[in-house]
Amino acid sequence: MLTTANWLGQKYSQLNKAGQVASVAGTVQVLAEKLKSGSSNNRSATEEAASTTAEDRRAAILSLKGISRDHPKQVADHALGPILDVLIDEAAKPPGQADEECMRALVEMCITLCDAMPASSEAVAAKPRTRQQPSHSLQSSDIFLEKPEPLQALLPLLSSKRAFYTRFASLQLLGTLLRNRASRVQEHVLVAPGGCGAILECIAESTSGPGGMSGSSSGARSGSSAEIIRNEALLLLPHLVHGNPDIQKLVAFEGAFEKLLDVVAQEGRIEGGVVVQDALEGLEALLRYNVSNQNYFRETMSVPMLAPLLFFPPPPPPLYHGDAPSRQAEQEHAPQLEGFAFQEWDEQKVLNARLVIGIAGLLVSGQGDGKRNNQNALLQSGMTRCLVELALASTAPVLLKSQALHVLSSMLSASRTTQEMFSNLLVCPILALEQSTDARPPHLTPQGDADAHLENGQHAGAAAAGFVVSPAEDAAGAPAPPIPAPALTYTRLPARPAVLTLIGTALSGPSMLEAGYAHAQLGMRTAALSAFESLVADNVDARLAIIGSMMPAAGESDADLPVTAGGLLLDAFKALPSSSEVVADTEGEGKRFDPYKYLIASMLFTSLVKGSESAKKLARNIAFDHEGRVSSRDLKEGEDPDEDDPRSSLIQTIMGNFTQAIREQADAIRKDRSATAAGGLASGLSLAAGWTRVLVGYLVCLGSWLWDSPASVRDFLFESANMQVLIQPVAQSSGIDPLIQSLSTFVLGVLYEFNTEPGELKRETMHPILHSRIGADNFGVRLLRLRDDPRFRAVGPDVLERVGDAPEATAENQQDGLWLNWGFVEFWKNNFLLVQKSILVEPSSTSASSATASTELLDARRQLDTLRDQVANRTREVQHLAQNLEQTQKEKEEQRAKYETEIAAAAAASQASADSLTALQAELSAAHNGHEVALSEANKSREALNAELDAVREMLSAAESKNSELEKWANEAEEAMRRLKEKVAAQAQMDMQGGAEKEKEERAKMDALEEQIKELKRKLEEGQACVQAVEKEASANIEALEEQIKELKRKVEEGQARVQAVEKEKDEVVQRAKEEAALAASAGMEENKAAAVDESPSVDVRRLQELEKENEDLLVLLEELSTKRKVDKARMRENDLEVSDDDDDDDDDDDQEG
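Just so we're aligned: 1021 in this note's numbering is position 1020 of the sequence shown, and the numbers increase by one with no gaps anywhere.
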């Protein structure tokens, strides 16, 4: 029989003898062919041949496994199909007959081909891991999952009868395929017989059961191998059932709940480490988004197993049905409850506990009968009591307490039995005290012994209730030295109602020693707020009980009133805000104002009065005297408070606090500006932003309290100054936070809409005030601005859960933290349109009544209006007929009077026409005189211009003559100079030997000639200057002539316009005269009227003809002046004088017009 080494050696020798060079692809193909030839369909008939084929196939498998580590793509391309065929054949064999070594090699080879990351350490070192998935791994996964047979062949390999490494590798391969193609794997598992059961068998396998490590030389115990298989199956289960309800149901019906809970119990419940975490994650994956599984989880009695996982002791059994438990049972239960309260908490334990609480939260996340049944089951099993004790009376970390309160909120929602249990429950809160300063432990590591009982009922446990973040690493990568942190000591407080503790937690939160960080502290406060809102959301009795506890009973004083839930809330709500009240800062570096106390107090009180008129009525009876003592007013329905009563109502107290907060905000803004100018805010948090939160809380409370409560509105408007306080931020155009401005607008709209009862300030008085101080347009804009505010848009149904996860607000980002709760945002979105339109409604009506009118009522109103219109029309018709009858009877008598009136009117019109003609003649005469004056002035101007032009011509002639003489002299001088120079040059050689006297004479002649030339040049320059002066003067004269011509044109145009107006008026007079003549002719006056008409036009026509003639004379004169101007310009051009281009353009325009 050939071994693997011998077979590989023979194959290598054959290739070398053939002179071929082996390649990876060729080798893989040869090995793949070997797998095909060794399949069950191609085996030899003899045993020897069959033995040889099996050995060759094993060698080929092992060889491909080795090659796949370095060349996975080549192996996947050429051999994955035969590998899967062999895998299917081997998996079909019984466990005793199968080759476990080959099975293990096949499965591990498939892992290598489908895995996204390299398996070997050398590959990891050579190719660092990246987030990008290699393409060959996905392709291999697609080929593997192309048919269901390969995946279904893996499931039998999970049987406990298989070897350990085969089972482990099969689970790993399933996990790899789920990461690559989860949906395909889920489809194949659904149709595989017993697929989910095989995986659950791995989870439920006993640590002492079978599962030996066959084929392995390891000496590990069989129990440890079973645990490894179980842990790998636990990791696989959440990925297998994720997002597939069908598989979730199938796994659940296979008994997954019991098996997973058994694993958690065997591993030590929440203290069991990461194995418990994996089991709880699988349990959570089965319940998430699957109502059927949640109901099945309740029906299988798995709910009672949740509270013991958190080490919460079961309640003591009663002596008889319906009786209280015995004193001995209570004494035995007390130490158990004490141990639960003072547990030690490390990081893994916290993670496991969060998963258990999250599973409880999944059971109450619905909204139907399933949620109600799960609430009852959790209440009966003690899980609800467990979460109350964990959140309000334990040393658990703050984050865990916050999660418990959020889940408790879902348990309290719409469950009256749970609400009654919580209202009657007493708890003993635990107070954390600072004991000493030690080295800060690593991240989430407990210190001390939480179960060590000290004297005076105290417990010591460092960091048992809160964790600190592990120190950062330094530049070298080594951990930084531990930072000192306080060690905590815990003490039990006396028993008090759970509602009182819940309100105290919401108002103040855990101490900073316990929380560690401010955002964790705020997260627990908002969680308590959420639980309180669920407690009183639909429970009027609980609301009235809490509000009633704010006031002392009859015969009691405020000092005698014990600490109650309502009293604690009222103390925080009525307190006058002051920035002198401080709380510890996040880092312990000073003090800062705590605005969340007032904001959360306002939200708590809002949840008490929202939507309940009985709660609002009881709250209106709360009054305060001048010393701040609480009392009850006991007002009747519709009764106003006595004006002599010095006490103030709760609404008036809120408005007083609101006014004080506005002043404090203004001071804070000035301080912030000063701090910013000095280099930054000292505490890192803007004080103005804190006061904005206080104002938001008061406005949210007022908006919810006053809504649909006319009696509360009347109480608010009892002091008219309250309305002015709200108008001030709304009317302010800048320098105001948009959140405050919008909410103040909303409250004003609510006041106007529901001010329907008689009081100090009526709707008729409010309407003009709102329109004059704000205006309808600004009112709508201010209200809509809230929708665009990022703090408003960031609010969702889970806002109270997200507050604890977000970092604390800083000076750079003041929009973080808590501003509004979802209840108010939803209330505002549902009603802001009604408030927006309220200001447009007249005081006699309300927008609510208009909006709620039925369609039938509106239709009846329209029909009534139509009938009224018809009656009015009939009445007008009857009246019109009666008038016509009377008019017909008097028609003949009025006929004669009408004719006489028309004749008199025609005579008056004729006289008016004669007067108009006389006025027209006078106007024509005035126009004629104006034309004569203009003509005379034009003639005079023409004579003056002619004289000036003659003078200019004479000056030009003289200048031209003088210029010609100068040019002639200059030419003669230049010619003489030239001749002299030639003579000197010609006789230069001849006179070189001459005497000094001759040279002196020649030089004298040269100097004389040069003087003459200079004199001629000077005279030439004087002539040119004279010519320029003449040109300038001529240009000035021409410009003056042009101005006169323009003036004449304007006068001519005015004359033409006047003539046209006179003609138009003449035509109108003539037309009127003709009409009057026609009218007079019908009455016997034709002759006189015709004579008047004929005479008047003849006189006007003659006068008009004279004016037209005068106008033509003016045009002729203008034409002569224009022609003369053109001639002068032409002569100037002939004398080389400059003429402006504008003048030329004017001339061209004149030519075109002519």
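In this text, a Cβ means the ideal position worked out from N, Cα and C, and glycines have one as well.
Asked                                                                                                  : Found
Buried/exposed call for THR1124, threshold 16 Cβ in 10 Å                                               : exposed
Under the three-state DSSP convention, the category PHE343 falls into                                  : coil
Whole-number beta carbon distance between PHE625 and VAL701, since they are thought to touch under 8 Å : The Cβ separation is near 21 Å, so there is no contact.
Distance, GLN376 Cα to LEU366 Cα                                                                       : Here residue 366 is Ser; the residue named in the question, Leu, does not match the sequence. Distance between the alpha carbons of SER366 and GLN376: 10 Å.
Closest by C-alpha distance to LEU251, when choosing among ILE601, SER926, ALA496 and TYR297           : TYR297
Cutoff 8 Å; reference LEU545; Cβ partners in own chain excluding five residues on either side          : SER615, ALA616 and LEU619
Cβ contact (3+ pairs, closer than 8 Å) linking the stretch 404-422 and the stretch 373-391             : yes
Within 8 Å, strictly: CB atoms of LYS672 and LEU688                                                    : yes
Whole-angstrom C-beta distance between TYR599 and ARG526, which should lie under 8 Å                   : Contact flag wrong, Cβ pair sits at about 12 Å.
Local conformation of ILE775 per DSSP, three classes                                                   : coil
Cβ-Cβ separation, ALA543 to VAL399 (assumed contact under 8 Å), whole Å                                : That pair is no contact at about 26 Å.
Boundaries (first-last residue) of the beta strand (DSSP E) holding SER633                             : 631-633
Assumed close pair LEU393, PRO430 - CB separation to whole angstroms, cut-off 8 Å                      : 6 Å
C-alpha gap between SER914 and LEU882, whole angstroms                                                 : 41 Å
Cβ-based burial, LYS941 [other Cβ within 10 Å; buried from 16]                                         : exposed
Nearest to VAL234 (by Cα), restricted to the options SER710, LEU570 and SER161                         : Checking the sequence shown, residue 234 turns out to be Ala, not Val. Considering only alpha carbons, the answer is SER161.
Reduced DSSP secondary structure (H/G/I, E/B, other) of LEU434                                         : strand
Alpha-carbon to alpha-carbon, SER531 and VAL541                                                        : 17 Å
Residue burial classification, GLY97 (beta-carbon count within 10 angstroms, cutoff 16)                : exposed
C-beta atoms of LEU152 and VAL186 nearer than 8 Å                                                      : yes
Buried or exposed by the 16-neighbour rule on C-beta atoms within 10 Å, applied to LEU302              : One point to set straight first is that residue 302 is Met, not Leu, in the sequence displayed. Classification of MET302: exposed, given that the 10 Å Cβ count is below 16.
GLN75 (DSSP reduced to helix, strand or coil)                                                          : helix
Burial state of LEU886 (16 or more Cβ within 10 Å)                                                     : exposed
Pairwise C-alpha distance: ASN294 and PHE343                                                           : 34 Å
Local conformation of ARG497 per DSSP, three classes                                                   : strand
Secondary structure of ASP790, DSSP reduced to three states                                            : coil
As assigned by DSSP and simplified to three states, the class of VAL428                                : strand
Which residues DSSP lists as bridging ILE271, in chain order                                           : DSSP lists no partner for ILE271.
Boundaries (first-last residue) of the beta strand (DSSP E) holding PHE625                             : 623-625
Test item: CB-CB of LEU174 and LEU191 under 8 Å                                                        : no
Per DSSP, the bridge partner or partners of SER649                                                     : PHE625
Span separating the alpha-carbon of LEU281 from that of ASN353                                         : 7 Å
Residue ranges of each alpha helix (DSSP H) within the stretch 373-435, 4 or longer                    : 384-393, 399-413 and 417-425
Meets three-Cβ-pair contact criterion under 8 Å: the stretch 914-928 and the stretch 1014-1029         : no
Three-pair Cβ contact test at 8 Å for the stretch 770-785 versus the stretch 748-759                   : yes
Contact under 8 Å by Cβ, CYS1 with SER141                                                              : No answer is possible for residue 1: it lies beyond the span of the chain, which begins at 2 and ends at 1155.
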